[in-house]
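K.L.:
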Amino acid sequence: MQNLWRVFLCTLLVASSHGVWAHNHASEDAELLDLDGLTAAFGWDFDSTEIVTEKVADGLYVLFGVGGNIGVSLGKDGVLIVDNQFPEVMDKIEAAISDIGGKGVDYAINTHWHFDHAEGNNALGPEGTTIVAHKNARIDMASGGIINLVISKYDQQPYPKQALPVFTFDDRMQIHFNDNEIELFHFSHAHTNGDAAIVFRKQNAIHLGDVFNNSGYPFVDVDSGGGIDGMITFCERALAEMAPGAIIIPGHGPVTDAPALSRYIFMLKTVRSRIAAMIADGKTMQEVMDAKPTSDFDAVYGPETASLGFVNRVYTSLSNQ
Numbered sequence: 028m029q030n031l032w033r034v035f036l037c038t039l040l041v042a043s044s045h046g047v048w049a050h051n052h053a054s055e056d057a058e059l060l061d062l063d064g065l066t067a068a069f070g071w072d073f074d075s076t077e078i079v080t081e082k083v084a085d086g087l088y089v090l091f092g093v094g095g096n097i098g099v100s101l102g103k104d105g106v107l108i109v110d111n112q113f114p115e116v117m118d119k120i121e122a123a124i125s126d127i128g129g130k131g132v133d134y135a136i137n138t139h140w141h142f143d144h145a146e147g148n149n150a151l152g153p154e155g156t157t158i159v160a161h162k163n164a165r166i167d168m169a170s171g172g173i174i175n176l177v178i179s180k181y182d183q184q185p186y187p188k189q190a191l192p193v194f195t196f197d198d199r200m201q202i203h204f205n206d207n208e209i210e211l212f213h214f215s216h217a218h219t220n221g222d223a224a225i226v227f228r229k230q231n232a233i234h235l236g237d238v239f240n241n242s243g244y245p246f247v248d249v250d251s252g253g254g255i256d257g258m259i260t261f262c263e264r265a266l267a268e269m270a271p272g273a274i275i276i277p278g279h280g281p282v283t284d285a286p287a288l289s290r291y292i293f294m295l296k297t298v299r300s301r302i303a304a305m306i307a308d309g310k311t312m313q314e315v316m317d318a319k320p321t322s323d324f325d326a327v328y329g330p331e332t333a334s335l336g337f338v339n340r341v342y343t344s345l346s347n348q
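In structure tokens form, the structure reads like this:
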């Protein structure tokens, strides 16, 4: 069940062991890549990608491939998905949906604007799929821009009109579909300035996009309006929305439960507190990284040096306040 984030981590581990990227490589000096360059740099292979399907509840599935996890609501009204990976694997995604009884995609919700979650809009929009997202995500998709991944930068191109969301929301939206109340929340700026959490009330499940990464430390896209404090707030409010026994669908990594999200929130708060204290003491970013403020969490979330600059981004987020 290999997804994009695991590819990031594995590639970064290999790269760092060969000295390709130093952990303290300044993001200002990172190479600017297009999608072909990013594909080559991270070793993605759309042709060999397999889409793996997991049923998490009646009428609700998760698809894993070469991008963000895709939530699928399937029922008498049709198919609604959350996130959609890349056009290069859309045939495989649609085949996987067909295998579980769906036909086409009626609605596609984007949890945010990043390429590994929303690039599939370019395939689905022209097919007639109705696309939904937070208003800020639509603005970013329409304008494009540089996504600062710390160890590299990706030049995400503006999406054409047919690939843009046609329905947007500010803080909350409801979609009544497949005998379900599907609620979209924007609790705060978090991973970006346009994150959406999608709650499937009938199944007591929530898709959190990249606000919750269950395969390593998260990426805080400070350049896109994200921040560590907002990420904590977003996760806490999302957890409070759910009934006991909730199914938690992360942006990357395996489907999990509320205790795992609670542990993730504890990690975010702890690391945030440590870095804030060092900033208050006048420590530089390099000094903070050298202090290894995540070390006691690395056994769970992997070596921080294999993340997309987690400590770097938390430091930057707090320093910008």
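Read left to right, the sequence shown gives residues 28 to 348 (my numbering). Don't be surprised by glycine CBs; every beta carbon is placed ideally from N, CA and C. Since the structure is predicted, the reported quantities are computational estimates derived from the model, not experimental observations.
Under three-state DSSP, which class holds SER100?
P.N.:
Correct three-state label for SER100: strand.
K.L.:
Since VAL238 contacts PHE261 with CB under 8 angstroms, what's their CB separation in whole angstroms?
P.N.:
5 angstroms
K.L.:
Who are ASP284's beta bridge partners in DSSP?
P.N.:
Answer by DSSP bridge pairing, in chain order: ILE274.
K.L.:
Here's a check: name, in chain order, each residue in its chain whose Cβ is nearer than 6 angstroms to the Cβ of ARG340, leaving out the five neighbours to either side.
P.N.:
VAL247 and VAL249
K.L.:
Would ILE275 be called buried (16 or more neighbouring beta carbons within 10 Å of its own) or exposed?
P.N.:
buried
K.L.:
Determine the closest residue to TYR342 out of TYR328, THR332, THR321 and ARG299, with distance taken between C-alpha atoms.
P.N.:
ARG299
K.L.:
Are the CB atoms of ILE120 and ILE97 nearer to each other than 8 angstroms?
P.N.:
yes
K.L.:
Going by C-alpha to C-alpha distance, which of GLY92, GLN112, TYR134 and THR321 sits closest to GLY243?
P.N.:
Its Cα nearest to that of GLY243, the residue THR321 stands out among GLY92, GLN112, TYR134 and THR321.
K.L.:
Is the stretch 193 to 204 close to the stretch 150 to 162, with three or more CB pairs under 8 angstroms?
P.N.:
yes
K.L.:
DSSP on LEU235, reduced to helix/strand/coil?
P.N.:
coil
K.L.:
Tell whether a beta-carbon distance below 8 angstroms holds between HIS139 and GLY236.
P.N.:
Yes, the Cβ-Cβ distance between HIS139 and GLY236 is below 8 angstroms.
K.L.:
DSSP three-state label for HIS161, please.
P.N.:
strand
K.L.:
Does the beta-carbon distance from VAL132 to VAL106 come in below 8 angstroms?
P.N.:
yes
K.L.:
Go through its chain and collect everything with a Cβ distance to ALA145's Cβ below 6 angstroms, but skip five positions before and after it.
P.N.:
ASN137
K.L.:
Can you tell me whether ASN220 is buried or exposed, with buried defined as 16 or more other CB within 10 angstroms of its CB?
P.N.:
Buried: at least 16 other Cβ atoms inside 10 Å.
K.L.:
What's the gap between the Cα of THR66 and the Cα of LYS310?
P.N.:
36 angstroms
K.L.:
By DSSP, does ALA190 sit in helix, in strand, or in coil?
P.N.:
Residue state, collapsed to three classes: helix.
K.L.:
Let me make sure I understand the geometry here. Which of GLY86, ASN111 and VAL327 has the alpha-carbon closest to that of PHE142?
P.N.:
Considering only alpha carbons, the answer is ASN111.
K.L.:
Check whether the stretch 222 to 229 touches the stretch 73 to 81, counting contact only when three or more Cβ pairs, one atom from each stretch, lie closer than 8 angstroms.
P.N.:
no
K.L.:
List in chain order: all unbroken alpha helix (DSSP H) runs of 4+ residues lying wholly within the stretch 75 to 134.
P.N.:
117 to 126
K.L.:
For GLY272, count neighbouring Cβ atoms within 10 angstroms of its own Cβ and tell me buried if that reaches 16, exposed if not.
P.N.:
exposed
K.L.:
Thinking C-alpha only, which one of GLY252, ASN163, ALA318 and TYR328 is nearest ILE292?
P.N.:
TYR328
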